[in-house]
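Enquirer:
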Amino acid sequence: MKKALLRVWDFLHKIRSLFSDLFFSGLDFFYKRLNKPPKVMTNMETIEKIIAEGLSVSRFGDAEIKLAAGKGVNYQVPDPQLAAKLRQVLSSEDERLLVCIPDVFESLSLFTPADGAYWAKHLARYRKYWYRFTLKNKVYGNAFISRVYMCFNEKHKAAAYFDALKKIWDNKDVVLVEGEKSRLGVGNDLFDNAKSLRRILGPSARAFSRYGDLLAEIRKVEKSALLILAMGPVASVLPFDLLQDGYRSIDLGNIDTEYEWFLRGYTKKMPVENKMVYEAGAGEGVGELEDETYQSQIIARVL
């Protein structure tokens, strides 16, 4: 009896979801024709601008726009202060900060069918927030600079993007501000061309609750260092605040996971040993890493 009821409930839930999707898709059909989309650069244009002008970078994806709209995501509860800060960054006109958003508003033809379908469904519900919170006269960078491989049809282009990205930190003293089990660059050569590498570890989830403590630890670092951030929505707002203190910081989120998938030739999202991958297993089974080099790079923990 219970199994039969569960099957009925599952069926009704699917029917409700289908009608909900159709409803929002219908609304979006008209909305996108009546409103102009934000202007977004290509990935390579974005990377070249960052290098040429020495910019800080904030990136916004599907999670950040949901939080900016006052909603929650799996790894960050809704927070009015975070929502306000995200909206402030999206509308920032500080020329030292390149704000990046997804290049998804006019065409999804570059994406794999699965990713294209995901973004179409996302836009049906959240396009209005993207348009509402962005500036009409501003050209935004491309948030996919840290996701140049898995979601695109033409995966062979990723090699050129990674080579270009590495120029950002070439021969620089780099401090990675990352989730405690992100472990950027561990086991690969992503940051081998950096002059030096140090790490500040923060929470893997709900990191905004430690935002003040993270800022305090980062401010102990010399201002000549390049900060590379990978800590979810917190990494979207940190560059804005750190600029006021004279720091240059770049939110590169999923760059290491994408690089690992690229190196292995994966064509679907897979776990990576010893690393947190939210989109594949969410870090299940990821334990401590006793590697001496990695441990020696850690200068602070805010957990």
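Numbering (the working numbering), first residue to last: 1126 to 1428. C-beta: ideal position from N, C-alpha, C; glycine also.
Cα-Cα, which of 1367, 1178, 1385, 1158 is closest to residue 1287?
Expert: Nearest of 1367, 1178, 1385, 1158 to residue 1287, Cα basis: 1385.
Enquirer: Beta-carbon separation of residue 1376 and residue 1165 under 8 Å?
Expert: Contact flag unset, no.
Enquirer: Residues in the same chain with beta-carbon distance under 7 Å from residue 1360, minus the five sequence neighbours each way, listed in chain order, please.
Expert: Excluding positions up to five away in sequence, the list reads 1354, 1376, 1378.
Enquirer: Can you tell me where the alpha helix (DSSP H) with residue 1188 in it begins and where it stops?
Expert: Run containing residue 1188: 1187-1193, per the alpha helix (DSSP H) assignment.
Enquirer: Between residue 1301 and residue 1324, is the Cβ-Cβ spacing less than 8 Å?
Expert: Cβ distance < 8 Å, so residue 1301 and residue 1324 count as in contact.
Enquirer: So residue 1270 and residue 1171 are in contact, right, with Cβ under 8 Å, and what is the actual spacing, rounded?
Expert: Their Cβ separation, rounded to whole angstroms, is 5 Å, which keeps residue 1270 and residue 1171 in contact under 8 Å.
Enquirer: Leaving out five residues on either side along the sequence, give the residues of the same chain with a beta carbon under 7 Å from the beta carbon of residue 1267.
Expert: Excluding residues within five positions, the ones whose Cβ falls inside 7 Å are 1165, 1166, 1167, 1168, 1171, 1225, 1228.
Enquirer: Assuming the contact rule is C-beta atoms closer than 8 Å, residue 1262 and residue 1295 should be a hit. Round their C-beta distance to whole Å, please.
Expert: At roughly 33 Å, the Cβ-Cβ gap does not stay under 8 Å, so residue 1262 and residue 1295 are not in contact.
Enquirer: Can you check DSSP and say which residues form a bridge with residue 1225?
Expert: DSSP, once it has assigned bridges, lists 1184, 1266 as partnering residue 1225.
Enquirer: With burial defined as no fewer than 16 other Cβ atoms inside 10 Å of the residue's Cβ, what is the status of residue 1311: buried or exposed?
Expert: Per the 10 Å Cβ criterion, buried.
Enquirer: In the DSSP assignment, what are the bridge partners of residue 1298?
Expert: DSSP lists 1321 as partners of residue 1298.
Enquirer: Taking buried to mean at least 16 other C-beta atoms within 10 Å of its own C-beta, is residue 1421 buried or exposed?
Expert: Its Cβ having fewer than 16 others within 10 Å, residue 1421 is exposed.
Enquirer: Which term fits residue 1390, buried or exposed, when burial requires 16 or more other beta carbons within 10 angstroms of its beta carbon?
Expert: Residue 1390 should be labelled exposed.
Enquirer: Could you tell me if residue 1428 is buried or exposed, where buried requires 16 or more neighbouring beta carbons within 10 angstroms of its beta carbon?
Expert: Per the 10 Å Cβ criterion, exposed.
Enquirer: If you reduce the DSSP assignment to three classes, tell me which class residue 1411 lands in.
Expert: Coil, per DSSP.
Enquirer: For residue 1426, does the three-state DSSP call read helix, strand or coil?
Expert: Three-state DSSP puts residue 1426 in a strand.
Enquirer: Looking only at its chain, what residues have a beta carbon closer than 7 Å to the beta carbon of residue 1221, apart from the 5 residues adjacent to it on each side?
Expert: Closer than 7 Å at Cβ, skipping near neighbours: 1180, 1181, 1368.
Enquirer: Short check: CB of residue 1358 to CB of residue 1201, under 8 Å?
Expert: Result yes, Cβ atoms of residue 1358 and residue 1201 sit closer than 8 Å.
Enquirer: If you draw a straight line from the C-alpha of residue 1251 to the C-alpha of residue 1191, how long is it?
Expert: One C-alpha to the other measures close to 8 Å.
Enquirer: Mapping DSSP to helix, strand and coil, what is residue 1158?
Expert: Correct three-state label for residue 1158: helix.
Enquirer: In three-state DSSP terms, what is residue 1282?
Expert: It is helical.
Enquirer: With DSSP as the reference, label residue 1236 as helix, strand or coil.
Expert: Residue state, collapsed to three classes: strand.
Enquirer: Are the Cβ atoms of residue 1162 and residue 1230 separated by less than 8 Å?
Expert: It is a contact, given that the beta carbons lie within the stated cut-off.
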